[in-house]
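First the structure, in the form of structure tokens, and then the observations on it.
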Amino acid sequence: MGKFNAGIWIDHRKALMVFVSAAGERTTHFVSKVETQWRRAGDSPMKGRYASDQVTADDSRQKALTGELNIYYDAVIAALRNAESFVIFGPGEAKKELKRRLGKSKLAGGLRAVETADKMTDRQIAAKVREYFAAQVAAQRRR
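Note that the sequence shown ends on residue 173 in this note's numbering; no numbers are left out.
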């Protein structure tokens, strides 16, 4: 694809990445395997609660959640390897967590902005990314 810019809309469940270049635009979806509402096996109004020694500890659940998120963020970061610059936006904490992980990689220099954005359709996300990088893409086309 040559030189390109990217925009990422991300939350803990999914990410949509839009790649914009002089040659055109393409999108990629990432879906995490993170289960946001963890339920303890056996907890139900009909059966009552299990004793604490019969249920998985919260810290092991947190470790599992963190492990799944790390795999998810690594997949998103890998897709950014050749991006000239990129912007991250989304509704929750995922955008900040991704920014922290990028700080540990050599890609942090390409980050232009982190913005809060509510739920958006794929077309709205693509339009926002196109608008953000319009000047850079126009300059690439002139070269």
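For glycine and all other residues, C-beta sits at the position ideal for the given N, C-alpha and C.
Bear in mind the structure is a predicted one, so any value in this text is a computation, not a measurement.
With a cut-off of 8 Å on the beta carbons, I'd call ARG142 and PHE116 a contact; round off their distance for me.
For the purposes of this step, residue 142 is taken as residue 112 along the sequence shown, with counting starting at 1. For the purposes of this step, residue 116 is taken as residue 86 along the sequence shown, with counting starting at 1. Yes, they are in contact, since the Cβ atoms of ARG142 and PHE116 sit about 7 Å apart, within 8 Å.
Should ILE101 be labelled buried (16 or more other beta-carbon atoms within 10 Å of its own) or exposed?
Numbered from 1 along the sequence shown, position 71 holds the residue referred to as residue 101. The residue in question, ILE101, is exposed, as its Cβ has fewer than 16 Cβ neighbours within 10 Å.
Rounded separation between PHE119 and TYR103 - CA only:
One-based indexing of the sequence shown puts residue 119 at position 89. One-based indexing of the sequence shown puts residue 103 at position 73. Straight-line Cα distance between these residues: approximately 14 Å.
In whole angstroms, what is the alpha-carbon distance linking LEU99 and LEU110?
Counting from 1 along the sequence shown, the entry for residue 99 is found at position 69. Counting from 1 along the sequence shown, the entry for residue 110 is found at position 80. Their backbone Cα atoms lie some 17 Å apart in a straight line.
Could you check what DSSP says for ALA36 in three-state terms: helix, strand or coil?
In the sequence shown, the residue the question calls residue 36 occupies position 6. Residue state, collapsed to three classes: strand.
In whole angstroms, what is the alpha-carbon distance linking GLN45 and LYS125?
In the sequence shown, counting from the first residue as 1, residue 45 sits at position 15. In the sequence shown, counting from the first residue as 1, residue 125 sits at position 95. Per the sequence presented here, residue 45 reads as Ala, with Gln not at that position. Their Cα atoms are separated by approximately 10 Å.
Distance, Cα to Cα, SER135 vs ALA108?
Numbered from its first residue, the sequence shown carries residue 135 at position 105. Numbered from its first residue, the sequence shown carries residue 108 at position 78. So the alpha carbons of these two residues sit roughly 10 Å apart.
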